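Those letters in the sequence shown? Residues 222 to 458, per our numbering, in order. Glycine is no exception: its CB is placed at the ideal position from the N, C-alpha and C atoms. Computed from a predicted model, the values in this text were never measured in an experiment. Below: one structure, written as structure tokens.
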Amino acid sequence: MKMEQLYTGKAKTIYKTDDPTKLISEFRDSLTAFDGKKKSEVDKKGYYNAQITRKIYEMLEAEGIKTHLIEMVSDIDMLVDAVEIVKLEVIVRNIAAGSITRKYPMKEGTIFENPIIAFDYKSDEYGDPMLNNDIAVALGVSTYEEIEHIRNIALKINKILVDYLDERGILLPDFKLEFGRKDGDILLADEISCDTCRFWDKETGESLDKDLFRQDKGNLSKAYEEVARRIVPEIFE
Ligand code: UDP
């Protein structure tokens with residue numbers, strides 16, 4: 222099934238398949254932060270993130286959100302629709318954490334009355350700068366209509382995810398989404414995992430995500446396993 226490598230990113234490698242409309246996304250154990258300046262390998266990270274993404278995407282599909290997921294072809298290999306990636310990183314925030322607390326007078330832990338959606342330009346060369354609708358349109362990255370559509374899907378995903386995770390004892394301060402175009406439709410692409418979300422334990426407030434790596438503050442492998450135990454308990458049976 223897996224054919225030539227199309228692209229290798231910081232945590233996933235994309236392969237062609239014998240069907241040009243389908244790709245395989247392989248979740249690797251490698252991990253980076255700070256624009257790739259900090260690197261590491263964590264045992265089973267790819268496995269946990271692949272399984273968490275698979276479960277969340279299946280749950281979102283059942284709620285009417287279209288995703289690029291077709292099926293898992295191994296524990297870490299996800300067969301996905303080949304899409305044209307929209308060059309926007311869609312950041313959704315419910316509780317102040319991370320970069321927003323450094324850029325604005327917002328104290329970590331502040332709960333936002335309304336979720337915040339912000340867009341970063343997906344460009345390693347330019348360091349993923351934040352942009353607004355006018356800049357995205359001027360760059361030719363998207364259209365006003367498409368941005369509005371993406372914003373609405375992101376808000377819907379947020380609502381579903383916050384409740385889903387709450388039932389599993391997890392708070393969702395913020396996360397990042399990516400979307401792709403296929404046959405005139407917008408599909409949720411990329412991943413939703415411990416690498417792309419902030420997950421805080423509801424009881425202790427403890428981080429269960431990549432912040433443990435960014436800030437050297439605990440056992441990443443254990444935390445990812447804990448999230449997997451709550452979201453995909455069946456893989457531990
Ligand atoms: N995020 C991501 N990839 C990026 C930038 C951000 O997955 O390239 C996620 C990050 O894990 C967090 C949210 O988006 O859940 C908001 O990130 P933030 O802007 O606070 O950046 P950070 O503080 O992580 O550098």
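Compute the minimum distance between the beta carbon of residue i and the heavy atoms of ligand 1, and state whether it is under 6 Å.
i	result
Phe396	yes
Ile312	yes
Thr417	yes
Tell me which residues share the same chain as residue i and place their Cβ nearer than 7 Å to its Cβ, disregarding the 5 neighbours each side in the sequence.
i	result
Val294	Met222, Ile245 and Leu300
Glu305	Gly401 and Arg402
Asn354	Tyr365 and Ile368
Glu462	Because the chain here runs from 222 to 458, residue 462 falls outside it and cannot be looked at.
Can you find a heavy atom of ligand 3 that lies under 6 Å from the Cβ of residue i?
i	result
Ser320	Ligand 3 is not among the ligands present in this structure, which contains only ligand 1.
Quick check on residue i: buried or exposed, where buried means 16 or more other Cβ atoms within 10 Å of its Cβ?
i	result
Tyr325	exposed
Thr288	buried
Gly426	exposed
Asp406	exposed
Ile356	exposed
Phe434	buried
Phe396	buried
Arg323	exposed
Ser428	buried
Considering Cα atoms alone, identify which of the options is closest to residue i.
i	options	result
Val448	Asp416, Lys438 and Ile381	Asp416
Arg451	Glu310, Leu352 and Lys276	Lys276
Arg314	Glu427, Asp404, Asn379 and Tyr228	Asn379
Glu455	Lys237, Gly439, Ile273 and Ala410	Ile273
Arg389	Gln436, Phe396 and Asp422	Asp422
Asn440	Val263, Gly257 and Thr234	Val263
Ile297	Lys233, Gly285 and Met327	Lys233
Gly348	Val311, Ile286, Gly257 and Ile337	Gly257
Val311	Ala303, Pro336, Ile291 and Arg323	Pro336
Lys231	Asp411, Leu382 and Ser442	Asp411
His370	Pro394, Ile286 and Ile381	Ile286
Leu393	Gly330, Asp345 and Asp437	Gly330
Val453	Cys418, Lys438 and Leu386	Leu386
Grab me the residues of residue i's own chain with a C-beta within less than 6 Å of its C-beta, minus the 5 sequence neighbours each way, in chain order.
i	result
Ile332	Ile316
Ile413	Thr274 and Ile277
Leu352	Phe340 and Tyr342
Leu398	Val311 and Ala375
Near residue i, what residues of its chain come up, given a Cβ to Cβ distance below 8 Å and the 5 sequence neighbours on each side ignored?
i	result
Glu446	Lys265 and Tyr269
Thr238	Met222, Lys223, Met224, Leu244, Ile245 and Leu300
task: Just list the beta strand (DSSP E) runs in the region 343-417, keeping only unbroken ones of 3 residues or longer that don't cross its boundaries, in chain order.
output: Scanning the region 343-417 from its first residue to its last, the whole beta strand (DSSP E) runs of 3-plus residues come out as 391-398, 400-403 and 406-409.
- prompt: What runs of the beta strand (DSSP E), each 3 residues or longer, lie entirely inside the region 246-318?
  reply: 251-254, 259-262, 290-293, 298-302 and 309-316, all fully within the region 246-318.
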